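Enquirer: In our numbering, the protein residues as written are 31 to 514.
Using N, Cα and C, we set each Cβ at its ideal position, and we do this for glycine too.
Nothing here was measured: the structure is a model prediction, and the numbers come from that model.
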């Protein structure tokens, strides 16, 4: 650069002058509000963002511009309300996320009306119950006693997810959730006169597409009329008795452990339904699934390989599968009790299965030999093109299988012929490298004569060296098999 240019001037600055300028100039605070807000959003919670107001006068109002509020282990709902009522016309909120251990309904619900006025996005509200953080752990029957939280009408919310640890919840008496597309209620005890079905149907939730209700009390019947719903997921509804769904656009329905021992009563009108998971009681005399000509995916109740002859789970399994002749993707769960004693082998009760192209088979074998039962299923699904098989391990329990255990019966399954001449892809997961597994794999390769690809995933407790050693025992034609 020519002498006298800008580069030459910079070169004449001493290092001490540069250091003094760097210390005296607050370049961060000079950034526009939009950039500072993006910086604050990188912090974990709203409380951390608010603490930046101590930096300087410039920062005092920046955190109030946040489009998202996140409260982790918020001690008091009244403090959340103060934030929501901040002055200077705060902007609409795109998300409010609250995690709390508070158990007082008046405190928990204190801020909800103010949130309803400001929110134009997602509300995520999770109350932690010590020892019951996992949604898979059902809450006790006595939960939900005491007062109830009043849910106001969120006219502009697009997503609501509420987990109250089975505290009471009153649905709003009036109002339309005009923008709501996703609703999830977990561990909630519904109170009040408003039926859940009325709340989620089209008149009050005209855009609702995804509905998830899990471990909810106070719902003995559910009647839904919706033109927008695409997915419905219902799990562990205590004392549930009746289900009625009329949804012209519904694509996916999951029903898990809702009816229990009650006589299932259900009416489903969903002509666009493509995926059905029904791991619940089933009786064709009281359950009308309607026209399921579009159904592509079916997952069923578990089948006990060894059990009492009158096992109700097996009965429901057989009743449901008898309703279908062809399912593109079929999911089956085989269950072995840890102590099968002298229970009879019940696989022979399965005399036919729907024609299918993609078979997903999950096995809880508790260390027992799953080869005979798996062979029985594969023999009835000999036209499959793809097989996905997963072994589930119940950790902390020692295998009850012993030499001479009846799980190896019928013993002649390895000698019987089976041609899986359309099977081209196999995925196996959860293997532990046991002798039972190796024997089954050897048989599988002898049956699948046109197999192109196999992926084997071992359980994380299995070392890589053991996994490779087990795979090396397989026939030579399996050298392209990939193990993980």
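1) Please classify residue 486: does DSSP put it in a helix, a strand, or coil?
2) Please classify residue 24 as buried or exposed, where buried requires at least 16 other C-beta atoms within 10 Å of its C-beta.
3) Using DSSP with H/G/I as helix, E/B as strand and the rest coil, what is residue 473?
4) To the nearest angstrom, report how far apart residue 327 and residue 356 are at their CA atoms.
5) Quick check on the burial criterion: 16 or more other C-beta atoms within 10 angstroms. Buried or exposed for residue 394?
6) Does the pairing of the stretch 126-138 with the stretch 174-190 give three or more beta-carbon distances under 8 Å?
7) Go to residue 388, then tell me how far its beta strand (DSSP E) extends in each direction, as first and last residue.
8) Please state the DSSP three-state secondary structure of residue 219.
9) Nearest to residue 423 by alpha carbon, out of 128, 304, 489 and 379?
10) Just to confirm the assignment: which complete beta strand (DSSP E) runs, minimum length 3, are found wholly within the stretch 390-454?
11) Taking residue 363 as the reference, give the member of 376, 473, 330 and 379 with the closest Cα.
12) In the structure shown, what three-state DSSP assignment does residue 131 receive?
13) Taking 8 Å as the cut-off, decide whether the C-beta atoms of residue 463 and residue 496 are in contact.
14) How about residue 213 and residue 241: are their beta carbons less than 8 Å apart?
15) Could you check if residue 218 is buried or exposed, using at least 16 other CB atoms within 10 Å of its CB as the buried criterion?
16) With distances taken Cα to Cα, identify the nearest neighbour of residue 412 among 474, 375 and 378.
17) Would you kindly work out how many angstroms separate the C-alpha atoms of residue 140 and residue 229, rounded to a whole number?
18) Distance check for residue 222 and residue 200, CA to CA, integer angstroms please.
19) Using the beta-carbon count (16 or more within 10 Å), is residue 467 buried or exposed?
20) Quick check: the Cα distance between residue 397 and residue 498, rounded to an integer number of angstroms?
21) Measure the CB-CB distance between residue 252 and residue 273 and report whether it falls below 8 Å.
22) With a floor of 4 residues, list each alpha helix (DSSP H) that falls wholly inside the stretch 313-369, ordered by position along the chain.
23) Which residue from 472, 478 and 287 puts its Cα closest to that of residue 414?
24) Taking the straight line between their C-alpha atoms, what separation do you get for residue 15 and residue 234?
25) Which residues mark the beginning and the end of the beta strand (DSSP E) in which residue 227 is found?
26) Measuring CB to CB, does residue 336 end up less than 8 Å from residue 370?
27) CB-CB under 8 Å to residue 188, same chain, minus the five flanking residues each way: which ones, in chain order?
28) Provide the residue span of the beta strand (DSSP E) that contains residue 114, from first to last.
29) Quick check on the burial criterion: 16 or more other C-beta atoms within 10 angstroms. Buried or exposed for residue 289?
30) Measure the C-alpha to C-alpha separation of residue 254 and residue 277 and round it to an integer number of angstroms.
31) Who are the Cβ neighbours of residue 416 in its own chain at under 6 Å, not counting the five residues just before and after it?
32) Ignore the nearest five residues each way along the sequence and tell me which others in residue 280's own chain have a CB closer than 7 Å to its CB.
33) So, using beta-carbon positions, are residue 404 and residue 347 closer together than 8 Å?
34) Based on the DSSP output, what are the partners of residue 263 in its beta bridges?
35) Using three-state DSSP, classify residue 497 as helix, strand or coil.
36) Can you tell me where the alpha helix (DSSP H) with residue 18 in it begins and where it stops?
Expert: The short version:
1) Numbered from 1 along the chain shown, position 456 holds the residue referred to as residue 486. In the structure shown, residue 486 sits in a strand (DSSP, three-state: E or B).
2) Because the chain spans 31 through 514 in this model, residue 24 falls outside it and cannot be assessed.
3) Here the question's residue 473 lines up with position 443 in the chain shown. Shown here, residue 473 sits in a helix according to DSSP, grouped into three states.
4) Position 297 of the chain shown, counted from the first residue, corresponds to residue 327. Position 326 of the chain shown, counted from the first residue, corresponds to residue 356. Spanning the two alpha carbons is a distance of roughly 10 Å.
5) The count along the chain shown starts at 1 and reaches residue 394 at position 364. So residue 394 ends up on the buried side.
6) Two segments are said to touch when three or more pairs of C-beta atoms, one from each, lie closer than 8 Å; by this definition the stretch 126-138 touches the stretch 174-190.
7) The residue given as residue 388 occupies position 358 in the chain shown. Where residue 388 is concerned, the enclosing beta strand (DSSP E) stretches over 388-394.
8) Start at 1 with the first residue of the chain shown, and residue 219 comes out as number 189. Residue 219 falls in the strand class under three-state DSSP.
9) As a working note, residue 423 is residue 393 in the chain shown. By alpha-carbon distance to residue 423, the top candidate from 128, 304, 489 and 379 is 489.
10) Whole beta strand (DSSP E) segments, 3+ residues: 416-421.
11) On the chain shown, residue 363 is found 333 positions in, with the first residue counted as 1. Nearest to residue 363 by alpha-carbon distance, out of 376, 473, 330 and 379, is 330.
12) Stepping through the chain shown from its first residue, residue 131 is reached at position 101. When DSSP states are grouped into helix, strand and coil, residue 131 belongs to the coil group.
13) Locating residue 463 in the chain shown gives position 433, counting from the first residue. Locating residue 496 in the chain shown gives position 466, counting from the first residue. Closer than 8 Å, so yes.
14) Start at 1 with the first residue of the chain shown, and residue 213 comes out as number 183. Start at 1 with the first residue of the chain shown, and residue 241 comes out as number 211. Yes, the Cβ-Cβ distance between residue 213 and residue 241 is below 8 Å.
15) As a working note, residue 218 is residue 188 in the chain shown. Burial call: buried.
16) Counted from its first residue, the chain shown places residue 412 at position 382. Ranking 474, 375 and 378 by Cα distance to residue 412 puts 474 first.
17) Taking the chain shown and counting its residues from 1, the one referred to as residue 140 is at position 110. Taking the chain shown and counting its residues from 1, the one referred to as residue 229 is at position 199. So the alpha carbons of these two residues sit roughly 22 Å apart.
18) Mapped onto the chain shown, residue 200 falls at position 170. Mapped onto the chain shown, residue 222 falls at position 192. So the two alpha carbons sit approximately 5 Å from each other.
19) Counting from 1 along the chain shown, the entry for residue 467 is found at position 437. It counts as buried.
20) Along the chain shown, read from residue 1 onward, the residue named residue 397 stands at position 367. Along the chain shown, read from residue 1 onward, the residue named residue 498 stands at position 468. Rounded to the nearest angstrom, the two C-alpha atoms are 21 Å apart.
21) Locating residue 252 in the chain shown gives position 222, counting from the first residue. Locating residue 273 in the chain shown gives position 243, counting from the first residue. Inclusion of residue 252 and residue 273 in the CB contact set at 8 Å is warranted, their separation being smaller than that value.
22) Correct list: 342-351.
23) Working through the chain shown from its first residue, we reach residue 414 at position 384. Residue 414 has its Cα closest to that of 478, out of 472, 478 and 287.
24) The question about residue 15 has no answer here: the residues shown for the chain are numbered 31 through 514.
25) For the purposes of this step, residue 227 is taken as residue 197 along the chain shown, with counting starting at 1. Membership of residue 227 in any beta strand (DSSP E) is not indicated; the residue belongs instead to the alpha helix (DSSP H) covering 226-230.
26) Residue 336 sits at position 306 when you count from the first residue of the chain shown. Residue 370 sits at position 340 when you count from the first residue of the chain shown. Yes, Cβ-Cβ distance for residue 336 and residue 370 is below 8 Å.
27) To locate residue 188, count along the chain shown from 1; it is residue 158. Cβ within range, chain order: 150, 151, 152, 209, 210, 211 and 212.
28) Start at 1 with the first residue of the chain shown, and residue 114 comes out as number 84. Residue range 107-114 is occupied by the alpha helix (DSSP H) that includes residue 114, with no beta strand (DSSP E) assigned at that position.
29) Residue 289 sits at position 259 when you count from the first residue of the chain shown. That one is buried.
30) For the purposes of this step, residue 254 is taken as the residue at position 224 of the chain shown. For the purposes of this step, residue 277 is taken as the residue at position 247 of the chain shown. Approximately 8 Å between the Cα atoms of the pair.
31) For this step, residue 416 is matched to residue 386 along the chain shown. These residues qualify, in order along the chain: 388 and 455.
32) Translated into the one-based positions of the chain shown, residue 280 becomes position 250. Around residue 280: 259, 260, 262, 300, 302 and 303.
33) As a first step, residue 404 must be located in the chain shown, where it is residue number 374. As a first step, residue 347 must be located in the chain shown, where it is residue number 317. In this structure, residue 347 does not lie closer than 8 Å to residue 404 by Cβ.
34) Here residue 263 is taken as the residue at index 233 of the chain shown, counted from 1. 242 and 284.
35) Working through the chain shown from its first residue, we reach residue 497 at position 467. In the structure shown, residue 497 sits in a helix (DSSP, three-state: H, G or I).
36) With the chain covering only 31 through 514, there is no way to say anything about residue 18.
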